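If you read the sequence shown in the numbering used here, its first letter stands for residue 13, the second for the next number, and so on. Even for Gly, the Cβ is constructed at its ideal location relative to N, Cα and C. Because the structure is a prediction, the values reported are computed rather than measured.
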Amino acid sequence: MNFGFLGIQFGWGLQLANMSAIYTKLGANPDDVPILWLAGPVTGLIVQPIVGSLSDRTWNWLGRRRPYFLFGALLASITLFFMPDSPALWVAASLLWILDASINVSMEPFRAFVGDKLPDEQRTTGFIMQSFFIGVGAALANALPLVFSKLGVSGEAPNGVPLTVQYSFKIGAVVFFLSVLWTVLTSKEYPPEDMEAFNKMRNEKRGLKGFFGEIFKALREMPATMKRLAVVQFFTWLGLFCMWMFYGLATAYHVFKAPDRKSPLFNQGTEWGGWMFSIYSIVCFAVAFLLPPIARVLGRKVTHS
């Protein structure tokens, strides 16, 4: 059920570890990088609620969530395959918007998929398995360029992007699609128990009025705890994006002392930056298994702090 998350996170991992370096190779300056990364948060903000609302109201021969898994994975895989071949900066930036939108289409229903299929007593285990596959996918994707380098792959494509990154994205495209396809083919979805009530709900929420009404209702009825958590998440993601955007570049320029983007030291530095992201991902999914017992002892607030 959660195996598709490995491919989804493979796509995210390749993007987070390598897009700043790809932008730089295509001529971006460090102060250009943040605006070029806007695709991630903006598409997440727009696409996730739309897909969440649509998938709640979908039922066809493929099921409720699986049509979104498959469509998003197909489009994301095509984009991943061609991303490192971008001939110009604007092409790479445009492809990132398509990639992030596609990944969000595939990823958002996965979260609800666990809730749809598992009883309450199994959901914690289901979400832990999600964390496991997220960590494995990210760790493999982050490490792949350095692994290729250690295997003797060298050189650059005509656009300046290292072949280690080129090959990693091609493999990532295949892994993304096949892992999501595995989930689609091996996981069943069952129709709503009361199809008449489901069709009534679908008709009531149809159109822009129903969509925005649902969002504003959710915001009005959001528990106070969730509102406080939103503030915490705001500052958490602020720090995470700063790290994702600049960690590889900082490693190349300040640790490996690369004089410019064309230096072999730049490629080595960004590859090792990806390796550090891989270690980070391994630690994240390893700690995920420890968090439930720690939270039971210390409480969720103290554990999060």
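Exercise. Taking residue 13 as the reference, give the member of 52, 138 and 96 with the closest Cα.
Key: 138
Quiz item: From the DSSP output, which residues share a beta bridge with residue 72?
Solution: 75
Quiz item: Fully enclosed by the region 227-314, which alpha helix (DSSP H) runs are 4 residues long or longer?
Solution: 236-262, 276-300 and 303-310
Quiz item: What first and last residue would you give for the alpha helix (DSSP H) that runs through residue 120?
Solution: 101-129
Quiz item: If you draw a straight line from the alpha carbon of residue 179 to that of residue 78, how long is it in whole angstroms?
Solution: 29 Å
Exercise. Leaving out five residues on either side along the sequence, give the residues of the same chain with a beta carbon under 7 Å from the beta carbon of residue 17.
Key: 122, 142, 145, 146 and 149
Quiz item: According to the Cβ coordinates, are residue 114 and residue 88 closer than 8 Å?
Solution: yes
Quiz prompt | Within 8 Å, strictly: CB atoms of residue 164 and residue 22 | solution = no
Self-check item: Distance CB(residue 38)-CB(residue 172) smaller than 8 Å
Solution: yes
Self-check item: DSSP state of residue 168 mapped onto helix, strand, coil
Solution: strand
Practice problem: Quick one: using the 10 Å Cβ neighbour count with 16 as the cut-off for buried, is residue 80 buried or exposed? | Solution: buried
Exercise. Give a yes or no on whether the C-beta atoms belonging to residue 257 and residue 109 are separated by under 8 Å.
Key: no
Quiz prompt | Selected residue, minimal CA-CA separation from residue 277, among 33, 129, 20 and 24 | solution = 33
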